[in-house]
Every structure is written in structure tokens, then in C-alpha cells.
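First the structure, in the form of C-alpha cells, and then the observations on it.
Residue numbers (the working numbering): 727 to 1156.
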């Protein structure tokens, strides 16, 4: 299929696009700062609360399980209620849960706070996918999807830079209080500034821009989102391909996200300071990966046989690249080469994630973009919850080499699920 000449973005639409993406980027960075606070303050919390390594492992995993499970209903809720109010409510819930983490004094209450954090943070990325589908035509959704996905590695990279000085000057409790307060401010800003497009308030040029590539507004209006339609998504192999595929990609990403410092210290025998620097560089590469992938996937999609094929192929290529660079990262003797390979893996992991979320905006029926994106994210975060546990057991029984190779194998299977199961978009049901 040949590309179609680009249509100029009407000024009012451009204004809303910029505001929406800026808000999603900032809220996403806060989202990941809150997730990372526990990891940054790990040793202080263990010493203060007298936690064992096993208890800390359970505490670190509590967030991922509640977050994954909540992806099942939250996408449908975003489609029904809208991203403005659901993300606004999510910001309030997760910020209060984050602040509560600074007040707890027992392991049990800390677990409850982390579970609540996972529940509150669940709407962030499904809502972001809905926002992109609302304000961008299908051919142009890769770049904005890359922007909101870049918040993930950026937040992870900023946490060890911003939080340790605060902890050193006060205590670990204030890292939770400060990030919680930041989220509450962001909730007010989000609700005050974000608006969904209202068809009756758009002029002809604005409607024509948003309806490029067969968007719903030019013809029959999309039906209201409902449970029966949400349940019907499971009848399509595209849904299962995206869930299983994202499981593989996110699993391998979280092997490094949770174990990279420990791997560099244990397996690579790096000094503490050296390992800290080596562990931060790959996530800066991941920030670039999300931005570049979003931009590139738009270019690929415009020349592909279909929007779904173009964005699916971008996910497959990025995921296979993760596999290809994980293998030498596990096997080479040189620490420098290993860290360079890991940086490429995390670059590609965030590229894969950005492309996967942009795939959701074109593979889903218009009324269920957030629902399909959330189901894909549910599969991914099942992988994220299992990755640190399985990696730890394999490394304990043998070494990190088979643990990394296992992650590469799971990611390869995920790429194949995308390639062979995600073939066509899911039709709207009226």
C-alpha cells in the first residue's frame, strides 16, 4: 500500500495534542518514580523494619500482582468512563497509597500499601492509549505512543538521581511523602486541563483530520463500551497474540529491570559504584528507544499492507532484537561488551513496548482501545511478576547465564505469538 500525503494538523487539535502528551509524560514519570521508590530505599527500609531478603522480595512483587490483575477491568472502565476521570481518580488513589508507604511501620501494612499502589496506577497506560486514539489518527499514533511510553525508563533513570539526596537529608519516609504529594498535584492538573474531543465542537477540518484511515466519526458512531463487547475480545486470536506476545517481551525486560544491579555485582563482580553507573546507562537508552520507536513505527505503518501489520512487525523486530543481544550479554566475558549488549536490549525493550501500545490503538475496535491495551498489559505484567521470581530461583540453582537465556527463549516465543496470531484488527460490534 502506498503512503498517503500527510494532512495538516488543525491548530486547535495540535494544541490539545501537545497538552495531552505533556500531561501523560509527566504523570507517567511520577508513576514510575513511585514504583521505584521502594527499590531506591530498599536497604534503609530493610534495616528500619527488620525485613529479611525474602520479605523484601515479596514486598517488591506485591505491586506487580495487583497491577496486573487490575488491567482486566480497568481498560473497559477507561473506555466507559473516559480517561479524564479514571486517570484522575487513579492518580489520587496511587498518590495516597504512595504517601501511606511512608507511614507504615510493619511488613503487613507495607504490603497493603503496595497493593493499593498497583490498583491506583493501573489506569495510567490504558488511559494513555485511549487519549492517543482520541486525538491522533491511526497513521500518526506511533510517535505519541512513544512519548507516553518514554516516561517508563525516564522515571526509572531519574529515581536514583532524585530520591537518594532526599533520603540522605531526611529519611526514607520523605521519599514516599514527596512523591505522593507530587502525584496529588498532578491529579488536579490533569483533571483541570485534559479534555476528550467532543464531535459537536469540532469543525469540518478537525473532524476530517481525526477521521483519516477510517476512524469512526465519519460513519457509524462507535457503540458505548459494555461488558459483553469487552468479553467478546477474548474470542479473537489477535487478543491472545497480544497478551502472550507482551508477556514474553515484558518478562525479559523485567529480568533486567529487577536483577541488573544484582547480576552485575554477583555474576560480573563489579564494584558497587561501578555497578550503579553501569545499571543506570541502559535505562537512559530505553528512554531513547521509546521515542525513536514511536517515530519509526509511524513511518513503517504508512508503507505497510495494513496499520496492524506495520505496527505488529515493528514489535516483532524489536523483540527479536532483544533476544539476539541477550544471548551475548549472558555469554561474553567482557563486562563492557555485556553492559553494551544489555543497553541495546533495554533500548529495544522500550521500543517494543511503545510499538505494542501503538498496535493496540489500531488493532482494537474504536470503542475498546483501552480495553485491548489493558488486556495486552495484563499479559505483560504477568510476565513482570514472574520474571524476578523465576530468575532468582534459576540463578540460585545454577547461575545467571541460564536465567538470562531462559528470558531470551520466553521473549522469542512472545515474538512468534505476535507474528502468527496478530493478523487482522478486531471488528467493532454494533
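Beta carbons are placed, not taken as given, at the ideal position from N, Cα and C, and that holds for glycine. Since this is a predicted model, take the numbers as computed values, not measurements.
Any idea if residue i is buried or exposed, counting beta-carbon neighbours within 10 angstroms, 16 or more meaning buried?
| i | result |
| --- | --- |
| residue 831 | exposed |
| residue 1122 | exposed |
| residue 767 | buried |
| residue 865 | buried |
| residue 751 | buried |
| residue 945 | Model confidence at residue 945 stands at a pLDDT of 41, short of 50, so the residue's coordinates are unreliable; what they give is reported in the following sentence. Counting Cβ neighbours within 10 Å, residue 945 comes out exposed, since fewer than 16 surround it. |
| residue 1234 | Any question about residue 1234 goes unanswered here, given that the chain covers just 727 to 1156. |
| residue 873 | buried |
| residue 790 | buried |
| residue 847 | buried |
| residue 1103 | buried |
| residue 686 | No answer is possible for residue 686: it lies beyond the span of the chain, which begins at 727 and ends at 1156. |
| residue 891 | exposed |
| residue 827 | buried |
| residue 858 | buried |
| residue 914 | exposed |
| residue 1058 | exposed |
| residue 930 | exposed |
| residue 1099 | buried |
| residue 1003 | exposed |
| residue 1024 | buried |
| residue 1037 | buried |
| residue 881 | buried |
Cβ of residue i within 8 Å of Cβ of residue j?
| i | j | result |
| --- | --- | --- |
| residue 797 | residue 1107 | yes |
| residue 1153 | residue 1091 | yes |
| residue 837 | residue 785 | yes |
| residue 978 | residue 1075 | yes |
| residue 964 | residue 1101 | no |
| residue 876 | residue 1013 | yes |
| residue 855 | residue 903 | no |
| residue 919 | residue 1115 | no |
| residue 739 | residue 814 | no |
| residue 885 | residue 1017 | no |
| residue 1081 | residue 967 | no |
| residue 844 | residue 792 | yes |
| residue 1096 | residue 801 | yes |
| residue 1134 | residue 1049 | yes |
| residue 973 | residue 879 | no |
| residue 717 | residue 889 | Any question about residue 717 goes unanswered here, given that the chain covers just 727 to 1156. |
| residue 841 | residue 788 | yes |
| residue 922 | residue 1028 | no |
| residue 994 | residue 1061 | yes |
| residue 909 | residue 820 | yes |
Please check the pair residue i and residue j, which I expect to be a contact at CB under 8 Å, by giving their CB distance rounded to whole angstroms.
| i | j | result |
| --- | --- | --- |
| residue 870 | residue 816 | That pair is no contact at about 20 Å. |
| residue 1020 | residue 1084 | 7 Å |
| residue 1055 | residue 1064 | 5 Å |
| residue 938 | residue 863 | 4 Å |
| residue 775 | residue 833 | 6 Å |
Taking residue i as the reference, give the member of the options with the closest Cα.
| i | options | result |
| --- | --- | --- |
| residue 1147 | 969, 1073, 977 | 969 |
| residue 765 | 883, 811, 1007 | 883 |
| residue 1140 | 1046, 1019, 934, 1098 | 1046 |
| residue 1137 | 1113, 1155, 1150, 1119 | 1113 |
| residue 924 | 742, 1118, 1097, 791 | 742 |
| residue 1035 | 954, 1087, 918 | 1087 |
| residue 1105 | 1051, 971, 1024, 906 | 971 |
| residue 822 | 757, 961, 861 | 757 |
| residue 763 | 899, 912, 1008 | 899 |
| residue 749 | 982, 911, 1117, 1103 | 911 |
| residue 1077 | 1069, 1067, 1015 | 1015 |
| residue 1119 | 932, 1009, 921, 981 | 981 |
| residue 853 | 754, 769, 1006 | 754 |
| residue 1069 | 1060, 840, 1051, 1058 | 1051 |
| residue 958 | 794, 1093, 775 | 1093 |
| residue 737 | 881, 774, 928, 997 | 928 |
| residue 1073 | 1031, 1006, 1130, 956 | 1006 |
| residue 1071 | 909, 1131, 996 | 1131 |
| residue 894 | 989, 770, 839, 781 | 770 |
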